[in-house]
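Peer 1:
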Amino acid sequence: MFARVVAEQGGGVAALAICLDGHPVVDLSYGGPRGARYLLFSVSKGVSAIAAQHAHADGRLDLDAPICDVWPAMRRTATRRITTRHVLSHQAGLPLVDQELTVEDHVAGRLEAALERQEPYWEPGTKHGYHAITYGALLEGVFQRALGTSVAEYIHAHVRRPLGLDLTLGVPPSDNHDVLPLRTRSPMRTPLQSARPGLLFDAVGLGLLDDPSVFNQPDVLAAPWPATTWSPVPETWHGCMPRPSDRLTVCACWTPRAAPPSPAPARSGSTRSSASHPTSGPESKGLLLGFPC
Numbered sequence: 025m026f027a028r029v030v031a032e033q034g035g036g037v038a039a040l041a042i043c044l045d046g047h048p049v050v051d052l053s054y055g056g057p058r059g060a061r062y063l064l065f066s067v068s069k070g071v072s073a074i075a076a077q078h079a080h081a082d083g084r085l086d087l088d089a090p091i092c093d094v095w096p097a098m099r100r101t102a103t104r105r106i107t108t109r110h111v112l113s114h115q116a117g118l119p120l121v122d123q124e125l126t127v128e129d130h131v132a133g134r135l136e137a138a139l140e141r142q143e144p145y146w147e148p149g150t151k152h153g154y155h156a157i158t159y160g161a162l163l164e165g166v167f168q169r170a171l172g173t174s175v176a177e178y179i180h181a182h183v184r185r186p187l188g189l190d191l192t193l194g195v196p197p198s199d200n201h202d203v204l205p206l207r208t209r210s211p212m213r214t215p216l217q218s219a220r221p222g223l224l225f226d227a228v229g230l231g232l233l234d235d236p237s238v239f240n241q242p243d244v245l246a247a248p249w250p251a252t253t254w255s256p257v258p259e260t261w262h263g264c265m266p267r268p269s270d271r272l273t274v275c276a277c278w279t280p281r282a283a284p285p286s287p288a289p290a291r292s293g294s295t296r297s298s299a300s301h302p303t304s305g306p307e308s309k310g311l312l313l314g315f316p317c
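This is the structure in structure tokens:
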């Protein structure tokens with residue numbers, strides 16, 4: 025299967041690691057040197073969610089408390105009920121912002137201020153839609169205010185250093201020569217996406233994904249964004265996988281989420297073409313690590 029996918033993509037690099045009971049049993053790579061770093065985009069959300077669950081299990085972060093308890097600017101009528109669990113399960117209602125943002129705005133951290141002014145696209149907790157970029161800004165805002173540290177610093181102290189892993193959120197300029205450059209191609213749709221176009225989302229208006237090659241820029245590579253800029257050496261990824269002794273904690277995270285996605289129109293008057301296609305569903309009690317297909 026790995027060889028077939030590599031052949032179909034027509035070049036580039038690829039890596040595949042499979043773990044069983046916390047131990048790597050498959051470790052394959054193609055097209056890149058061993059020890060190179062990959063920019064993994066939304067896989068970053070999984071590592072950031074691990075940090076949130078660790079802080080929750082340690083009694084440092086209440087996932088079900090309104091984020092406005094620590095973030096006063098979110099104590100508005102429309103946003104005061106948003107919880108960290110809503111952020112983690114893509115139910116916060118803030119998948120994008122109406123304000124046009126440049127890459128420089130993102131590097132300067134101005135997305136957070138834009139979110140403080142943004143009206144939700146749906147009532148938080150009642151629907152879900154993929155928060156491609158805003159997931160990171162929201163989680164970072166919670167960590168900074170509730171824990172007094174960034175998500176990247178928390179991962180370094182409680183995941184990277186204890187487990188001896190070579191992974192970072194953001195890549196310092198001194199190390200960015202190890203990161204394999206990003207080359208873009210026409211997007212590929214899975215059969216499910218082709219059959220159900222409503223699964224596709226449009227968060228590209230945030231000014232980052234219009235031209236993904238900006239992620240080769242040193243200032244963007246260095247940005248420790250919890251939703252997009254995780255850069256590991258693939259051989260160390262298995263260290264983040266749960267051990268058998270962690271399964272009770274893992275199971276506690278994975279109670280049923282919202283209903284499967286279905287198409288939904290954007291909010292009337294929005295400057296965006298879509299709000300990540302919000303979908304109705306029950307209150308989520310799980311940590312959504314990626315877009316459910």
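Numbering (our numbering) for the sequence shown: 25 to 317.
Ideal Cβ placement from N, Cα and C applies to all residues, glycine included.
Every value quoted in this text rests on a predicted model; they were computed, and no experiment measured them.
Alpha carbon to alpha carbon, how far is Ser113 from Pro57?
Peer 2: Here residue 113 refers to the residue found at position 89 of the sequence shown. Here residue 57 refers to the residue found at position 33 of the sequence shown. Approximately 35 Å, taken between the alpha carbons.
Peer 1: Touching or not, the region 137-146 and the region 119-127, by the rule of three or more beta carbon pairs under 8 Å?
Peer 2: Flag = yes, the region 137-146 and the region 119-127 touch.
Peer 1: Measure the alpha-carbon distance for Asp129 versus Leu85 and round it to whole angstroms.
Peer 2: In the sequence shown, residue 129 corresponds to position 105, counting from 1. In the sequence shown, residue 85 corresponds to position 61, counting from 1. Roughly 28 Å between the two C-alpha positions.
Peer 1: Based on DSSP bridge pairs, tell me the residues matched to Cys92.
Peer 2: By one-based count along the sequence shown, residue 92 stands at place 68. Cys92 is not bridged to any residue.
Peer 1: Taking the continuous alpha helix (DSSP H) assigned at Ile74, which residues delimit it?
Peer 2: What you label residue 74 is simply residue 50 of the sequence shown in a count that begins at 1. Where Ile74 is concerned, the enclosing alpha helix (DSSP H) stretches over 67-81.
Peer 1: Short check: CB of Gly194 to CB of Ala156, under 8 Å?
Peer 2: Residue 194 sits at position 170 when you count from the first residue of the sequence shown. Residue 156 sits at position 132 when you count from the first residue of the sequence shown. It is not a contact, given that the beta carbons lie outside the stated cut-off.
Peer 1: Give every residue of the same chain whose Cβ lies closer than 7 Å to the Cβ of Pro197, excluding the five residues on either side of it in the sequence, and list them in chain order.
Peer 2: Stepping through the sequence shown from its first residue, residue 197 is reached at position 173. Answer for Pro197: Pro242, Ala246, listed in chain order.
Peer 1: Hey, quick one: how far does the alpha helix (DSSP H) through Asp243 stretch, first residue to last?
Peer 2: Position 219 of the sequence shown, counting from 1, holds the residue named residue 243. That run of the alpha helix (DSSP H) goes 242-246.
Peer 1: Along the alpha helix (DSSP H) that carries Ala27, what are the first and last residues, could you check?
Peer 2: To locate residue 27, count along the sequence shown from 1; it is residue 3. Ala27 -> alpha helix (DSSP H) spans 26-33.
Peer 1: From Arg170 to Ala116, what does the alpha carbon distance come to, in whole angstroms?
Peer 2: The residue given as residue 170 occupies position 146 in the sequence shown. The residue given as residue 116 occupies position 92 in the sequence shown. Residue identity check: residue 170 is Ala in the sequence provided, not Arg. Cα to Cα, Ala170 sits roughly 18 Å from Ala116.
Peer 1: When the Cβ atoms of the region 131-138 are set against those of the region 160-167, are three or more pairs found closer than 8 Å?
Peer 2: These segments touch.
Peer 1: Please state if the CB of Pro90 and the CB of Ile106 are separated by a distance shorter than 8 Å.
Peer 2: Here residue 106 corresponds to residue number 82 of the sequence shown, with the count starting at 1. Here residue 90 corresponds to residue number 66 of the sequence shown, with the count starting at 1. Result yes, Cβ atoms of Ile106 and Pro90 sit closer than 8 Å.
Peer 1: For His182, which residues from the same chain have a beta carbon less than 6 Å from its beta carbon, with the 5 sequence-adjacent residues on both sides left out?
Peer 2: Working through the sequence shown from its first residue, we reach residue 182 at position 158. So the list reads His78, once near-sequence residues are dropped.
Peer 1: What separation, rounded to the nearest whole angstrom, lies between the Cα atoms of Gly149 and Arg109?
Peer 2: Numbered from its first residue, the sequence shown carries residue 149 at position 125. Numbered from its first residue, the sequence shown carries residue 109 at position 85. Their backbone Cα atoms lie some 9 Å apart in a straight line.
Peer 1: For Val203, which residues from the same chain have a beta carbon less than 7 Å from its beta carbon, with the 5 sequence-adjacent residues on both sides left out?
Peer 2: As a working mapping, residue 203 is identified with position 179 in the sequence shown. Arg61, Leu63, Val195, Leu245, Ser255.
Peer 1: Is the beta carbon of Tyr159 less than 8 Å from the beta carbon of Val111?
Peer 2: Taking the first residue of the sequence shown as position 1, residue 159 is located at position 135. Taking the first residue of the sequence shown as position 1, residue 111 is located at position 87. Result yes, Cβ atoms of Tyr159 and Val111 sit closer than 8 Å.
Peer 1: Quick check on Arg1: does DSSP put it in helix, strand or coil?
Peer 2: The chain is shown from 25 up to 317; residue 1 falls before or after that span and cannot be answered.
Peer 1: How big is the Cα-Cα spacing for Ile179 and Ser66?
Peer 2: If you number the sequence shown from 1, residue 179 lands on position 155. If you number the sequence shown from 1, residue 66 lands on position 42. In a straight line, the C-alpha of Ile179 is about 16 Å away from that of Ser66.
Peer 1: Answer yes or no: do Tyr54 and Ala76 have a C-beta to C-beta separation smaller than 8 Å?
Peer 2: Counting from 1 along the sequence shown, the entry for residue 54 is found at position 30. Counting from 1 along the sequence shown, the entry for residue 76 is found at position 52. The answer is no: Cβ separation not under 8 Å.
Peer 1: Compare the Cα-Cα distances from Ser68 to each of Pro205, Val175, Arg28 and report the closest residue.
Peer 2: Start at 1 with the first residue of the sequence shown, and residue 68 comes out as number 44. The option with the nearest alpha carbon to Ser68 is Val175.
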